[in-house]
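Peer 1:
Number of protein chains: 2
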Amino acid sequence: MNKLSYGLLSLLSTEPMSGYDLTTKINKFWRSTHSAIYPLLSELEEGNYIELTLIEQTGKPDKKIYHLTDKGKELLRSWFISETADEVCRDEMTLKLYCINCMDEEAAETLLKEYEDRCNKRIEMYHKNLARIKVLAQENPDNAPASVFGSYIMTQRGLQKTELDLKWCEWVRRIYKKKNLSFLKEDLR
Amino acid sequence: MNKLSYGLLSLLSTEPMSGYDLTTKINKFWRSTHSAIYPLLSELEEGNYIELTLIEQTGKPDKKIYHLTDKGKELLRSWFISETADEVCRDEMTLKLYCINCMDEEAAETLLKEYEDRCNKRIEMYHKNLARIKVLAQENPDNAPASVFGSYIMTQRGLQKTELDLKWCEWVRRIYKKKNLSFLKEDLR
DNA sequence: AAGGCATATGTCAATAATGACATATGCCTT
DNA sequence: AAGGCATATGTCATTATTGACATATGCCTT
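Protein chains in written order, with this note's numbering: chain A, 48 to 236; chain B, 48 to 236.
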């Protein structure tokens, strides 16, 4: 029962979905692949924390829709109130930006542009996500609050942080060229 | 030659330091432990990307101070301009906050408080770090810009993001209780 | 004086994560 | 008609990460 298992329960708490859906959804909060997720779903099912409904489809392969059992909801709550592990983060971009000052202008500018591009793409993605959430909410106003709350707050957080990153890039560009310590007086705002 | 190796070179580009120093410094940007770092330092040394100076100490164990070679600087630049991998993030707190809406008020409030505590501790840590950077800069004004730039921009970024997280927590607390969709109209600001 | 802590370096077994392989449906484009 | 793509589920060998074990100095507190 690793951390990812609880993540799957967390996602399933908002609405029942397939392993495929879980794979795409969890990737926004927790780096993983279907290779890890499918075996965990089998384990969770064996432990009676989730149950599946087989949905036969035409035009697409059949799928297994999982939903939480009462036992699963209990496990979710016990995990929720247990101690929270420190996050694991490995961000190559940050490692590169750390040594930007010892790189020549061309290399530095190329990296900043690359990062800004990524940020802009993410911002676009977050806006699309917000639009999708609002459509979902209108389509199903009774069930929507519960199923949409988590996505909504996370999208808002991601959007704000990414906009901050863009401002930060501009600031880094501004102070990059200074060869004395005057950058220590420049505020990031 | 994995990503962490380049991270070590990145840190060493600002100033020579020991494996112990690298372990504490890199942890702010890249989750790792000394178990992974010491073997990599040996590899990097065998490849002539770094060289060591043995420093005999009294009161503390002797240490090995590593510095970049020209070959190491070349490798650092070639990595810097190469494609940047997507970040790996596994944050249990985020996974929990995602399903906060289906938890009872007590559990929800306990988690928000825990998160805010963490944020406040981090903010304190960032402020201390900024103060330390300014002391370092005053002590050694000629060498300081190069050795301090990376830490300074990363500390500023971390500080801003963490302050944003605190505001976000307040916002989440405010909209948590709403059982209808009115929260979709509330802006995070 | 005993224990804890920060400094300092190192190994290794157990566990976890990744990327490749595998299969299958049917749509859409060239 | 062939290939690519999105959907959908699954396995497994390789690689990477973690936590424990190991050793050592000397300071500080109880």
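Backbone N, C-alpha and C fix where the C-beta goes; we use that ideal spot for every residue, glycine too.
These numbers were taken from a predicted model, which means no experiment stands behind them.
Interface residues of chain A around Ala191 (chain B) at Cβ under 8 Å?
Peer 2: Translated into positions along the second sequence, residue 191 (chain B) becomes position 144. What Ala191 (chain B) touches in chain A: Leu228.
Peer 1: Classify Cys136 (chain A) as helix, strand or coil using the three-state DSSP reduction.
Peer 2: Here residue 136 (chain A) is taken as the residue at index 89 of the first sequence, counted from 1. Looking at Cys136 (chain A) - three-state DSSP - the assignment turns out to be strand.
Peer 1: Under the three-state reduction of DSSP, which class applies to Thr116 (chain A): helix, strand or coil?
Peer 2: Along the first sequence, one-based indexing puts residue 116 (chain A) at 69. Three-state result, Thr116 (chain A): coil.
Peer 1: Quick one: what does DSSP say Arg110 (chain A) is sitting in, helix, strand or coil?
Peer 2: Translated into positions along the first sequence, residue 110 (chain A) becomes position 63. Note that residue 110 (chain A) is Lys in the sequence shown here, rather than Arg. Lys110 (chain A) falls in the strand class under three-state DSSP.
Peer 1: Can a CB atom of chain A be found closer than 8 Å to the CB of Tyr173 (chain B)?
Peer 2: Counting from 1 along the second sequence, the entry for residue 173 (chain B) is found at position 126. Closer than 8 Å: no.
Peer 1: List the residues of chain A whose Cβ lies closer than 7 Å to the Cβ of Tyr85 (chain B), in chain order.
Peer 2: Residue numbering aside, residue 85 (chain B) sits at position 38 when the second sequence is read from its first letter. Those within 7 Å of Tyr85 (chain B) in chain A number zero; the least Cβ separation is about 18 Å.
Peer 1: Just reading off the alpha helix (DSSP H) that Ile97 (chain A) is part of, what are its end residues?
Peer 2: As a first step, residue 97 (chain A) must be located in the first sequence, where it is residue number 50. It is not in any alpha helix (DSSP H) - Ile97 (chain A) instead sits in the beta strand (DSSP E) that spans Ile97 to Ile102.
Peer 1: Please state if the CB of Phe127 (chain A) and the CB of Asp138 (chain B) are separated by a distance shorter than 8 Å.
Peer 2: Along the second sequence, read from residue 1 onward, the residue named residue 138 (chain B) stands at position 91. Along the first sequence, read from residue 1 onward, the residue named residue 127 (chain A) stands at position 80. No. Outside cutoff.
Peer 1: Which residues of the stretch 193–223 of chain A have a Cβ closer than 7 Å to any Cβ of chain B? Give them in chain order.
Peer 2: Per Cβ criterion, the list reads Ala193, Phe196, Gly197, Tyr199, Ile200, Met201, Gln203, Arg204, Gln207, Lys208, Leu211, Trp215 and Val219.
Peer 1: Closest Cβ-Cβ distance between Pro188 (chain A) and chain B: below 8 Å?
Peer 2: Reading the first sequence from its first residue, position 141 is the one you call residue 188 (chain A). Judged by the 8 Å Cβ criterion, Pro188 (chain A) is in contact with chain B.
Peer 1: For chain A, find out if any of its Cβ atoms is closer than 8 Å to the Cβ of Glu121 (chain B); answer yes or no.
Peer 2: Looking up residue 121 (chain B) in the second sequence gives position 74. Not an interface residue.
Peer 1: Hey, quick one: how far does the alpha helix (DSSP H) through Asp164 (chain A) stretch, first residue to last?
Peer 2: Residue mapping note: residue 164 (chain A) aligns to position 117 of the first sequence, counting from 1. First-last of the alpha helix (DSSP H) with Asp164 (chain A): Glu152 to Glu186.
Peer 1: Can you tell which of B:Tyr113, B:Thr116, B:Lys50 and B:Ser198 has the C-alpha that lies nearest to the C-alpha of Asn176 (chain B)?
Peer 2: Sequence index remark: in the second sequence, residue 176 (chain B) carries index 129 (1-based). Closest by alpha carbon: B:Ser198.
Peer 1: Using a Cβ-Cβ cut-off of 8 Å, state whether Ala154 (chain A) counts as contacting chain B.
Peer 2: As a first step, residue 154 (chain A) must be located in the first sequence, where it is residue number 107. For Ala154 (chain A), the answer is yes, since a Cβ of chain B falls inside 8 Å of its Cβ.
Peer 1: Quick one: what's Trp77 (chain B) bridged to in DSSP?
Peer 2: Stepping through the second sequence from its first residue, residue 77 (chain B) is reached at position 30. In the DSSP output, where bridge partners are listed per residue, Trp77 (chain B) has A:Arg137.
Peer 1: According to the neighbour-count rule (16 or more other Cβ atoms, all chains shown, within 10 Å of its Cβ), is Ile102 (chain B) buried or exposed?
Peer 2: In the second sequence, residue 102 (chain B) corresponds to position 55, counting from 1. Looking at its Cβ environment, which holds fewer than 16 other Cβ atoms inside 10 Å, Ile102 (chain B) is exposed.
Peer 1: Taking C-beta to C-beta, are Ile180 (chain A) and Thr202 (chain A) nearer than 8 Å?
Peer 2: Residue mapping note: residue 180 (chain A) aligns to position 133 of the first sequence, counting from 1. Residue mapping note: residue 202 (chain A) aligns to position 155 of the first sequence, counting from 1. Against a cut-off of 8 Å, the Cβ pair of Thr202 (chain A) and Ile180 (chain A) comes out as a contact.
Peer 1: If you draw a straight line from the alpha carbon of Thr131 (chain B) to that of Met140 (chain A), how long is it in whole angstroms?
Peer 2: Residue mapping note: residue 131 (chain B) aligns to position 84 of the second sequence, counting from 1. Residue mapping note: residue 140 (chain A) aligns to position 93 of the first sequence, counting from 1. Answer to the nearest angstrom: the Cα atoms are 6 Å apart.
Peer 1: Taking the alpha-carbon positions, what's the Arg78 (chain A) to Leu55 (chain A) distance?
Peer 2: Taking the first residue of the first sequence as position 1, residue 78 (chain A) is located at position 31. Taking the first residue of the first sequence as position 1, residue 55 (chain A) is located at position 8. Rounded to whole angstroms, Arg78 (chain A) to Leu55 (chain A) spans 12 Å at the Cα level.
Peer 1: Using a Cβ-Cβ cut-off of 8 Å, state whether Ser125 (chain A) counts as contacting chain B.
Peer 2: Here the question's residue 125 (chain A) lines up with position 78 in the first sequence. Chain B contact via Cβ: absent.
Peer 1: Answer with yes or no whether the minimum CB distance from Thr157 (chain A) to chain B is below 8 Å.
Peer 2: As a working note, residue 157 (chain A) is residue 110 in the first sequence. Yes, its Cβ sits closer than 8 Å to a Cβ of chain B.
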